[in-house]
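Colleague: Structure incoming, see below.
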Amino acid sequence: MYNIGFDLGSSSVKVAITDAISGKKVISLHEPIEEMPIIALQSDWAEQDPMSWWYYLCTASKKAIATSKIDAAKITAIGISYQMHGLVIVDEMGAPLRDAIIWCDSRAVAIGNKAYNDLGKDVCGAQFLNSPGNFTASKLKWVKENEPEIYDKIYKYMLPGDFISYQLTGEIATTKNGLSEGILWDYKNNTVASKLLNYYGIDQDLTPSIVENFSVQGAVHELAAEATGLPKGIPVTYRAGDQPNNALSLNVFNAGEVAMTGGTSGVVYAVTNNESPNEVERINHFAHVNHTNDNSSIGKLLCINGAGIQYRWLKNICGEKTYEEMNAKVASVPIGSEGVVVLPFGNGAERMLYNKNVGMHLLNVNLNGHSNGHLYRAALEGIAFSFVYGVNIMEKDEVDIQVMKAGNDNLFRSEIFSNTVASLLGKEIEIYNTTGAVGAARAAGLLDGDFSKFGEHSINNDFVKTFTPVKNTEAYQEAYQKWLQELEVILKK
């Protein structure tokens, strides 16, 4: 028997099939081969067509089944991971009323900031654990203010994973965990965040019904079965936002455990039991996948929008064919990039910088002495320094880091990047060869709540290596302090 997992990102839809007993990966792939387009009608906007997500999911599902040559009838459950904070709005027929406003869209920053100032830190911190910020609730308010003719037609709002589940099952539902990531959940009263919705003038009836994220959430209907190649009637049993799901994929469930991701954006996700955070403007706090009324498990998420996208931009601009070619040129450049500094914040407003949109900065380049290798190393170091900067914010907010884990993909495949982070933080980083789609597939079999079995699957199938901090960190510290000085100059402007 098998489970299948889908991971809806902003660049592609990933799919993985795993053995239901051992957790071993059978196959993993993504669609499209090239990245999905992001529609930017104005500066700092980012939208995608929700039906394109469904098209690529169907394509990936059929390809995974055909390529692996498994018997599709033996797939028994579906897990869904998805890009967080997005907004999908549908009419009574379940049809999208507009393109989805996705996670890196910055149009609602001012709306969220005003809500935070008006409602106050005490309310936002105690009830939502966050400033409303540029999240789903604020994006829905933007639609209400700027597209009233569309808002009036809304039957339900959904997060991206809710829409995928709806396409599979025909059931419109969301989760407590999902609502928490949209700043739509009230922890104090254990209900939908009516105080914020009322403040925004949003009808609470637009909120879908709520299901548990580990539960039978609906069954694949006939049209979806034909479109995906999946058996009709099998259940969706798990859904979670991509960062809580990435933490799950790395077997991060307990306080003191940290998951890191170095994809298009960079993420530090630390688990805590504390529902009284001090830092509610720069760090996000969401219900983790194993959060219950009896067991408070909160994911403290710090996002760096300008991470892997910075390195990819350099790859494209400089005409490099592969990241391996870039990393080879980096190897000959010393720590500190001989003075070149990159501030990698060129992908929208950065929440950890109080939602400032400071842009990307390439500084101190000597046209007679610096090469592409210097630019590449400075970019890797700049992204690594951003991670360290974020972790330092977390540690000041009473996070006691015990274990750090990351996937063996994207930035963390670079020894220079991983060694920089590990050495500056003085912490080992465990690397696991897993993905969000694999985690979602394994999670589809967790209806019994046996997370220890999930941990065995992770250790037995995924562990790759550990990056250990170097003993002499002087060069790293000097480079980081120079980077901090340049950042402070930009922030004061």
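In our numbering, the protein residues as written are 1032 to 1524.
All C-beta atoms in this analysis are idealised placements derived from N, C-alpha and C, irrespective of residue type, glycine included.
Values in this document were obtained by computation on a predicted structure and should not be read as measured data.
Does DSSP put Gln1114 in a helix, in a strand, or in coil?
Modeller: Three-state result, Gln1114: coil.
Colleague: What's the gap between the Cα of Glu1253 and the Cα of Pro1191?
Modeller: Answer to the nearest angstrom: the Cα atoms are 22 Å apart.
Colleague: Around the C-beta of Thr1323, are 16 or more other C-beta atoms found within 10 angstroms, so that it is buried, or is it exposed?
Modeller: Exposed.
Colleague: For His1392, which of helix, strand or coil comes out of DSSP?
Modeller: The answer is strand: DSSP assigns His1392 an E or B state.
Colleague: Which residues mark the beginning and the end of the beta strand (DSSP E) in which Phe1494 is found?
Modeller: Unbroken beta strand (DSSP E) run through Phe1494: Phe1494 to Phe1498.
Colleague: What do you get for Ile1460, buried or exposed, if any count of 16 or more other CB atoms within 10 angstroms of its CB means buried?
Modeller: Counting Cβ neighbours within 10 Å, Ile1460 comes out buried, since at least 16 surround it.
Colleague: Let me confirm a value: Val1372 is counted as buried when at least 16 other C-beta atoms fall within 10 Å, else exposed. Which label applies?
Modeller: Buried, since its Cβ has 16 or more Cβ neighbours within 10 Å.
Colleague: Here's the rule I'm using: 16 or more other beta-carbon atoms within 10 Å means buried, otherwise exposed. How should Thr1295 be labelled?
Modeller: Classification for Thr1295: buried.
Colleague: Using 8 Å for Cβ pairs, my map puts Ala1255 next to Leu1199. What's the rounded Cβ distance?
Modeller: The Cβ separation is near 5 Å, so the contact holds.
Colleague: Using DSSP with H/G/I as helix, E/B as strand and the rest coil, what is Lys1263?
Modeller: Residue state, collapsed to three classes: coil.
Colleague: Are Trp1216 and Asp1136 touching if we call contact CB-CB under 8 Å?
Modeller: It is not a contact, given that the beta carbons lie outside the stated cut-off.
Colleague: What is the DSSP secondary structure of Phe1530, reduced to helix, strand or coil?
Modeller: In the structure as shown, the chain begins at 1032 and stops at 1524. Residue 1530 is therefore absent and cannot be evaluated.
Colleague: Buried or exposed for Met1032, going by 16 or more other Cβ atoms inside 10 Å?
Modeller: Its Cβ having fewer than 16 others within 10 Å, Met1032 is exposed.
Colleague: I'd like to check one pair, Ile1335 with Met1291: are the Cβ atoms closer than 8 Å?
Modeller: Not in contact: Met1291 and Ile1335 (Cβ atoms no closer than 8 Å).
Colleague: By Cβ distance, which residues of its chain are closer than 7 Å to Leu1210, with the 5 residues on each side in sequence left out?
Modeller: Closer than 7 Å at the Cβ level, and outside the excluded window around Leu1210, lie Trp1216 and Val1223.
Colleague: With a threshold of 16 other CB atoms inside 10 Å of the CB of Asp1038, please say whether the residue is buried or exposed.
Modeller: So Asp1038 counts as buried.
Colleague: Below 7 Å CB to CB, which residues in the same chain sit around Lys1184 once its five sequence neighbours on both sides are set aside?
Modeller: For Lys1184, where only same-chain residues beyond five positions count, the Cβ hits under 7 Å are Asp1122 and Leu1128.
Colleague: Determine the contact status of Asn1277 and Gly1467, defining contact as a CB-CB distance below 8 Å.
Modeller: Yes; because the gap between Cβ atoms is below 8 Å, this pair is in contact.
Colleague: Do you know how far the Cα of Ala1474 is from the Cα of Lys1346?
Modeller: Rounded to the nearest angstrom, the two C-alpha atoms are 35 Å apart.
Colleague: Checking contacts by CB at 8 Å: is Pro1365 closer than that to chain D?
Modeller: Although the question refers to chain D, the structure presented lacks it and comprises just one protein chain.
Colleague: Thinking C-alpha only, which one of Gly1413, Lys1513, Lys1331 and Ser1454 is nearest Lys1427?
Modeller: Of Gly1413, Lys1513, Lys1331 and Ser1454, the residue nearest in Cα terms is Lys1331.
Colleague: Do the region 1070 to 1086 and the region 1501 to 1511 make contact, defined as three or more Cβ pairs closer than 8 Å?
Modeller: Because the criterion of three Cβ pairs below 8 Å is not met, the region 1070 to 1086 and the region 1501 to 1511 do not touch.
Colleague: Check the C-beta distance from Gly1476 over to Asn1034 and give it rounded, since I have them as a contact under 8 Å.
Modeller: Their Cβ separation, rounded to whole angstroms, is 5 Å, which keeps Gly1476 and Asn1034 in contact under 8 Å.
Colleague: With C-beta atoms as the reference, is Pro1163 less than 8 Å away from Leu1227?
Modeller: Yes; because the gap between Cβ atoms is below 8 Å, this pair is in contact.
Colleague: To the nearest angstrom, how far is the alpha carbon of Pro1262 from that of Ala1104?
Modeller: So the alpha carbons of these two residues sit roughly 6 Å apart.
Colleague: For the candidate residues Leu1374, Gly1470, Gly1350 and Ser1059, whose alpha-carbon lies nearest to that of Leu1411?
Modeller: For the residues Leu1374, Gly1470, Gly1350 and Ser1059, the minimum Cα distance to Leu1411 belongs to Leu1374.
Colleague: Could you name each continuous beta strand (DSSP E) segment of 3 residues or more that falls completely within the region 1043 to 1075, going from the start of the chain to the end?
Modeller: Counting whole runs of 3 or more residues, the region 1043 to 1075 contains the beta strand (DSSP E) stretches 1044 to 1050 and 1056 to 1062.
Colleague: What would DSSP say about His1322, mapped onto helix, strand or coil?
Modeller: Coil.
Colleague: Using DSSP with H/G/I as helix, E/B as strand and the rest coil, what is Val1311?
Modeller: Coil at Val1311, not helix or strand.
Colleague: Could I get the ranges of all uninterrupted beta strand (DSSP E) runs contained in the region 1251 to 1305, with 3 residues as the minimum, in chain order?
Modeller: Runs of the beta strand (DSSP E) inside the region 1251 to 1305: 1267 to 1272, 1288 to 1293 and 1297 to 1303.
Colleague: In the DSSP assignment, what residue or residues form a beta bridge with His1316?
Modeller: Bridge partners of His1316: Lys1331.
Colleague: Alpha carbon to alpha carbon, what distance is there between Ile1133 and Lys988?
Modeller: The requested residue 988 is not part of the displayed model; the chain covers only 1032 to 1524.
Colleague: Pairs of beta-carbons, one from the region 1406 to 1421 and one from the region 1436 to 1452, closer than 8 Å: are there three or more?
Modeller: With the cut-off at 8 Å, the region 1406 to 1421 and the region 1436 to 1452 touch.
Colleague: Once you ignore the five residues that flank Thr1238 on each side, which residues in its own chain have a CB closer than 6 Å to its CB?
Modeller: The residues are Val1223.
Colleague: For Met1189, is the classification buried or exposed, using 16 other Cβ atoms within 10 angstroms of its Cβ as the cut-off for buried?
Modeller: Result: buried.
Colleague: Closest to Gln1516 by C-alpha separation, out of Gly1201, Leu1160 and Gly1370, would be which residue?
Modeller: Looking at the Cα atoms, Gly1370 is the closest of the given residues.
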